[in-house]
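Heads up: the structure comes next, in structure tokens.
Number of protein chains: 2
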Amino acid sequence: MEEEVSLHYLVASVQLQYGLYSAFMGCFVYFIFGTSKDITVGPTAILSLLVATYDDPIKPGSDYNDPKLAIILAFMCGVIQFVMGVLHLGSLTGFISTPVISGFTSASAITIAAGQAKHLLGLSFSSDTFFESLVGIFVHIRKTNGWDLLMGLSSMVVLLLLQKIQRDSSLWMSHHTEDTPGYLKVVRKSLWFLGTARNAVIVGCTALLVWSLDTAGYAGKISTNGNVTEGIPTPSVPDFADFHFLTIIRELNVGLIIVPLIAYLEAIAIGKAFARKNGYRVEPNQEIIALGLCNIAGSFFSSYPVTGSFSRTAINSQSGVKTPAGGVVTGILVLLSLQFLTPLFQFIPKAALAAVIITAVLKMFNYKMFVKLWQVSKLDLIPLTVTFVASLFLPVQYGTIIGVVVDLIILLYPIARPEIKAVSPSNAILKQEDNLFLPSDRSSPLVQIESCPVLVVQVDRSVRYPSAENLVEKLNNIRESKVYYQQHVIFDFSRVCEIDYTAVESLSDAIADFAKAGVKLYFVHVKLYIHDMLHRANIPGLEIFPSVQEAMQSLSGSGE
Amino acid sequence: MEEEVSLHYLVASVQLQYGLYSAFMGCFVYFIFGTSKDITVGPTAILSLLVATYDDPIKPGSDYNDPKLAIILAFMCGVIQFVMGVLHLGSLTGFISTPVISGFTSASAITIAAGQAKHLLGLSFSSDTFFESLVGIFVHIRKTNGWDLLMGLSSMVVLLLLQKIQRDSSLWMSHHTEDTPGYLKVVRKSLWFLGTARNAVIVGCTALLVWSLDTAGYAGKISTNGNVTEGIPTPSVPDFADFHFLTIIRELNVGLIIVPLIAYLEAIAIGKAFARKNGYRVEPNQEIIALGLCNIAGSFFSSYPVTGSFSRTAINSQSGVKTPAGGVVTGILVLLSLQFLTPLFQFIPKAALAAVIITAVLKMFNYKMFVKLWQVSKLDLIPLTVTFVASLFLPVQYGTIIGVVVDLIILLYPIARPEIKAVSPSNAILKQEDNLFLPSDRSSPLVQIESCPVLVVQVDRSVRYPSAENLVEKLNNIRESKVYYQQHVIFDFSRVCEIDYTAVESLSDAIADFAKAGVKLYFVHVKLYIHDMLHRANIPGLEIFPSVQEAMQSLSGSGE
Chain W
83 MEEEVSLHYL VASVQLQYGL YSAFMGCFVY FIFGTSKDIT VGPTAILSLL
133 VATYDDPIKP GSDYNDPKLA IILAFMCGVI QFVMGVLHLG SLTGFISTPV
183 ISGFTSASAI TIAAGQAKHL LGLSFSSDTF FESLVGIFVH IRKTNGWDLL
233 MGLSSMVVLL LLQKIQRDSS LWMSHHTEDT PGYLKVVRKS LWFLGTARNA
283 VIVGCTALLV WSLDTAGYAG KISTNGNVTE GIPTPSVPDF ADFHFLTIIR
333 ELNVGLIIVP LIAYLEAIAI GKAFARKNGY RVEPNQEIIA LGLCNIAGSF
383 FSSYPVTGSF SRTAINSQSG VKTPAGGVVT GILVLLSLQF LTPLFQFIPK
433 AALAAVIITA VLKMFNYKMF VKLWQVSKLD LIPLTVTFVA SLFLPVQYGT
483 IIGVVVDLII LLYPIARPEI KAVSPSNAIL KQEDNLFLPS DRSSPLVQIE
533 SCPVLVVQVD RSVRYPSAEN LVEKLNNIRE SKVYYQQHVI FDFSRVCEID
583 YTAVESLSDA IADFAKAGVK LYFVHVKLYI HDMLHRANIP GLEIFPSVQE
633 AMQSLSGSGE
Chain P
83 MEEEVSLHYL VASVQLQYGL YSAFMGCFVY FIFGTSKDIT VGPTAILSLL
133 VATYDDPIKP GSDYNDPKLA IILAFMCGVI QFVMGVLHLG SLTGFISTPV
183 ISGFTSASAI TIAAGQAKHL LGLSFSSDTF FESLVGIFVH IRKTNGWDLL
233 MGLSSMVVLL LLQKIQRDSS LWMSHHTEDT PGYLKVVRKS LWFLGTARNA
283 VIVGCTALLV WSLDTAGYAG KISTNGNVTE GIPTPSVPDF ADFHFLTIIR
333 ELNVGLIIVP LIAYLEAIAI GKAFARKNGY RVEPNQEIIA LGLCNIAGSF
383 FSSYPVTGSF SRTAINSQSG VKTPAGGVVT GILVLLSLQF LTPLFQFIPK
433 AALAAVIITA VLKMFNYKMF VKLWQVSKLD LIPLTVTFVA SLFLPVQYGT
483 IIGVVVDLII LLYPIARPEI KAVSPSNAIL KQEDNLFLPS DRSSPLVQIE
533 SCPVLVVQVD RSVRYPSAEN LVEKLNNIRE SKVYYQQHVI FDFSRVCEID
583 YTAVESLSDA IADFAKAGVK LYFVHVKLYI HDMLHRANIP GLEIFPSVQE
633 AMQSLSGSGE
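If you read the protein sequences in the order shown, they are chains W and P. Just so we're aligned: 93 in our numbering is position 11 of the first sequence, and the numbers increase by one with no gaps anywhere. Just so we're aligned: 119 in our numbering is position 37 of the second sequence, and the numbers increase by one with no gaps anywhere.
Have a look at this one:
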């Protein structure tokens, strides 16, 4: 399957060998540090797409992009993953929900497919988003190269046929019994192998065809990948000297968060799926450390960011690979290809590669998720749709960030907008079972209470910074509203379990606002450590009472 | 005060007139749409610092930066603020807590001061962060220009003196009585005016000095601002044609979120402070719409992003300006300066401007916040310190983003890591007061219960996407732990009020994991709409029962 490894890299428009450079170190390092028995590490379509936006052409007008920044990204991505693993921060990926992942994946699939469509047509322009590719194709459509189009379309038809053959023969093989004739078994196994190796078959056959055309005098008719550097890359430190540290931060920006997280998400999703199937468990923190080491080690061999690849892992698993050393075999095969096969790569037609990539990625477009969310949870359609649409018009990493933010807003809205309930004091006291007391030395406090213009407010959750300003706003609204005008307010803190400095400051503002209006704001049922915190903050005019009754006692006393 | 307006713009190393370009449209537009009676809109030191990172030199080696991208940022910032206002999203700023704001402001202050220190020394190099400025000064210190240093230091001494005079005279004036002699009142009022106008005084006097030195044959000894374009800018559409839309997104990236939010935060903080002092209220959504319109309108007059300026607002207020039309007067003064005073600007020494900026911004460094948080809320020291340190080593907008993310992690940690409690069924039933029932037609269900290997788990809050994976992990841990091995599990959903698709998927995974291990996972006390959602998701093997008893009835039935 070593050819497949190189294919994805057309997405990033770098020279073909970088795909192979990315495909061996990860296999060796993962074998040592990984916890999944099935994962094969290497470049993936989605990572290629993410990395593609950080590639600039080597020089203006060049067909190939400069891989330096992408290799630095691999190194940085590795360091960030390693640190995340050590700090047990892998669960941060929990903040990327299934709808966001699905929207991102589907948008990536059609962005990659649209980006490859130009190679099917033999066109050449640069595009980072689905929208740009679409516009580019419309603008350049008259320059379509008939040879490339023919090559691309026929490759695609053959690929789809081989895919069907693989699926069918796999089905037949599952129905084999002891009575099945031996020749039939051999034929079906061969068909299955042909179908499984379809990408390699297409790439090999079309390269052969181009070579034949070349020798027959039709050189240059079909666009090919051109010069490929031969041999295994010599290890070298990533090219940090060419970039200022801040330039790296500024150029890579959100990529420094998105690439490590998405890479980890891909790997852990595959790891868990196969672990579930084969009855073992993966250790998430060890996985992200292993991936980090793969990326760091890889960056010394000119590797792009890598992660667990679903297609290669699946093929390994279907091919009957039952040992984690399968990755090592893959790595060795890649090294052998680099050493011996690279001269042949120059004959690989771009349109055939594009056909391989398109048929591979279109499976990632998950339209069913839209239907499913419509049926199950319509609110989740918002992050899905936002992520999907934003990722079509912007580079997918920005689309994902926007999706995550929208999702967080939906999650945090109730925290940022707490419900405030205003009740009459007698109701508040009756509900406060735990704290209810009517001391005998006070003559019917309830009578005093009713004569006193007081309002009790309660908040439905803890007071933290996102809701702090909103709380002051609501308290002032209550104070200024006609219904409650000039009533003193008792703030019942019994449901407030947590508080932070921003909230303390806002409460201090509220007390000042109330004081200015000549209205009192008292606090009751304050938990001990919140009580301490409020006192340490030295808020002028702060008054805390154990219960509503005592606060009212004080109010009616001051009123007299 | 029109000079002050232009000063801040040295921070961004653009030609001086851009400061003035930014200072008039906002005043007029805010007068029409704003709700604060005090705010004066214009460029501020913090916004200048934020914008500075988006300026590239006009050409390599040029002293001035190209303002095009900054003007586009003003336009985009305006559009984003306007949309936020219309969608009532102003409360999003609640997610930037006081410790983060404080860390950001303090770091900005010393970043700006360090950036200006090079002008005090007469050095010339580019730096975006505090760290870069520091390194630059060490590297270039031998090239210090004695004239500039003398000019800068003496300006600073005079400024500090004038600042003290202003403070003292202000104090004396507050103690004036009817008996105070008239001449004393006049002297003190004059001193107060001199102190308040200290920036203009310094700029004016030093420019005069430079002009005298020039005519005396010492031209060029002191670094000045050089050529300034005269006149009021002609309105023009921001230079979008020079940039691809995606280039704008990629270049401005986090600036597109941070600049509109910080600008709004500055304005609303000032607006609220003065509203509190003068007894009125500002309408946050209208404020952000007004700011958005100021920025959009400004960008057509080559303005940089603008917002409410604390120093100018404070001076206006102290000077006795009592009408919102004060801003209009400021705007007209700026236009007059542009028309008539610009020829004089070329004599303003850079070192004097730097001294003005440094004395102004150092007040923003709030070391007391570290002490305060140490006393009141030590957990809040984490976002403060992270934001502060990150903002010194990275451009401040990245530091702020990092601070916000760290703060969110602290806020969301309990949501992402829910507590799961495993209890024995009898305990679970006894605690479930609301749902407790012991039907008479069943013979002592509690006896059956004890004989059945069952465990009840409860989760302490809603099941949402950040905690979904963690929940499955914990359920599987319980299932696999030696203590509970091979016990069926009943998941008590009574405290789960919200659920989303990611959580539904995770529960489905958990059911599959349990089924594979031959252990049952039942759900009880599921709220009606969550019940509906789980059913619509078609989870294979999902079993929901009204209560623990009925789930156990079914388990013991299947066990027999």
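Heads up, the beta-carbon is just placed ideally off N, CA and C, and yes, glycines get one too.
Item: Report all residues from its chain with a CB closer than 7 Å to the CB of residue 548(W); omit the five preceding and five following residues, and keep chain order.; Value: 494, 497, 498
Item: What residue from 169(P), 131(P), 359(P), 619(P) has the CA that sits closest to residue 370(P)'s CA?; Value: 169(P)
Item: Check whether chain P comes within 9 Å of residue 181(W), counting only Cβ atoms and requiring the distance to be less than that.; Value: yes
Item: Would a check of beta-carbon distances place residue 218(P) closer than 9 Å to chain W?; Value: no
Item: May I ask you to verify whether the stretch 206-224 of chain P touches the stretch 404-418 of chain P, counting CB pairs closer than 8 Å and requiring at least 3?; Value: no
Item: Using C-beta distances below 6 Å, list every residue in its chain close to residue 187(P), excluding the 5 sequence neighbours before and after it, in chain order.; Value: 446
Item: Just verifying my parser: in three-state terms, what is the DSSP assignment at residue 383(P)?; Value: coil
Item: Are the C-beta atoms of residue 414(P) and some chain W residue less than 9 Å apart?; Value: no
Item: Determine the closest residue to residue 551(W) out of 544(W), 587(W), 580(W), with distance taken between C-alpha atoms.; Value: 587(W)
Item: Pop quiz: residue 375(W) and residue 111(W) are said to be a contact at Cβ under 8 Å. What is the actual Cβ separation, rounded to whole angstroms?; Value: 5 Å
Item: Using CA coordinates, which residue listed in 159(P), 615(P), 611(P), 623(P) is at the minimum distance from residue 379(P)?; Value: 159(P)
Item: Does any CB atom of chain W fall closer than 9 Å to the CB of residue 574(P)?; Value: no
Item: In this structure, how does DSSP classify residue 48(W) when only helix, strand and coil are distinguished?; Value: Here chain W covers residues 83 to 642 and nothing more, so residue 48(W) does not appear.
Item: Mind pulling the chain P residues with CB within less than 8 Å of residue 577(W)?; Value: By Cβ distance, chain P contributes nothing, its closest Cβ being about 14 Å from residue 577(W), past 8 Å.
Item: Whose Cβ in chain W lies nearer than 8 Å to the Cβ of residue 238(P)?; Value: None at all; the shortest Cβ gap to chain W is about 29 Å.
Item: Between residue 626(W) and chain P, is there a C-beta pair that is closer than 9 Å?; Value: no
Item: How would you label residue 316(P), buried or exposed, when you count the other beta carbons within 10 angstroms and need 16 or more for buried?; Value: exposed
Item: DSSP has residue 570(W) in a bridge; who is on the other side?; Value: 536(W)
Item: Would you say residue 152(P) faces chain W, with C-beta separation under 9 Å as the test?; Value: no
Item: Tell me whether residue 503(P) sits in a helix, a strand or coil according to DSSP, three-state version.; Value: strand
Item: Does residue 362(W) come out as helix, strand or coil in the three-state DSSP assignment?; Value: coil
Item: For a quick check, are the C-beta atoms of residue 385(W) and residue 166(W) less than 9 Å apart?; Value: no
Item: Mind listing, in chain order, the continuous beta strand (DSSP E) runs of no fewer than 3 residues lying wholly within the stretch 254-292 of chain P?; Value: none
Item: Report yes or no: is there a C-beta of chain W within less than 9 Å of the C-beta of residue 664(P)?; Value: Past the boundaries of the shown model lies residue 664(P); chain P is included only from 83 to 642, so the question cannot be answered.
Item: Looking at the ligand ATP, does it come within less than 8 Å of residue 368(W), judged from the CB to the closest heavy atom?; Value: Because no ligand of any kind appears in the structure shown, any question about the ligand ATP cannot be addressed here.
Item: Using a C-beta to C-beta distance shorter than 8 Å, which residues of chain P count as neighbours of residue 177(W)?; Value: 494, 498, 547, 548
Item: Give the secondary structure of residue 517(P) by DSSP, where H, G and I count as helix, E and B as strand, and everything else as coil.; Value: The pLDDT assigned to residue 517(P) is 38, lower than 50, so where the model puts this residue is not dependable, and the model offers no usable value.
Item: At a CB-CB cut-off below 9 Å, which residues of chain W make contact with residue 344(P)?; Value: In chain order: nothing, as chain W lies at least about 16 Å away.
Item: Are the Cβ atoms of residue 589(P) and residue 630(P) separated by less than 9 Å?; Value: no
Item: Here's a check: name, in chain order, each residue in its chain whose Cβ is nearer than 7 Å to the Cβ of residue 303(P), leaving out the five neighbours to either side.; Value: 229, 295
Item: Please confirm if residue 368(P) has its CB atom under 9 Å from at least one CB of chain W.; Value: no
Item: Can you pull the DSSP bridge partners for residue 627(P)?; Value: 606(P)
Item: Have a look at residue 532(W) and residue 595(P) and give me their C-alpha separation to the nearest angstrom.; Value: Any reading at residue 532(W) is ruled out, since the residue's pLDDT is 45, under 50, leaving its predicted position unreliable.
Item: So, with DSSP's three-state summary, where would you put residue 342(P)?; Value: helix
Item: Per the DSSP calculation, residue 311(W) is bridged to which residue(s)?; Value: According to DSSP, which records beta bridges pairwise, residue 311(W) is partnered with nothing at all.
Item: If you draw a straight line from the alpha carbon of residue 130(P) to that of residue 231(W), how long is it in whole angstroms?; Value: 52 Å
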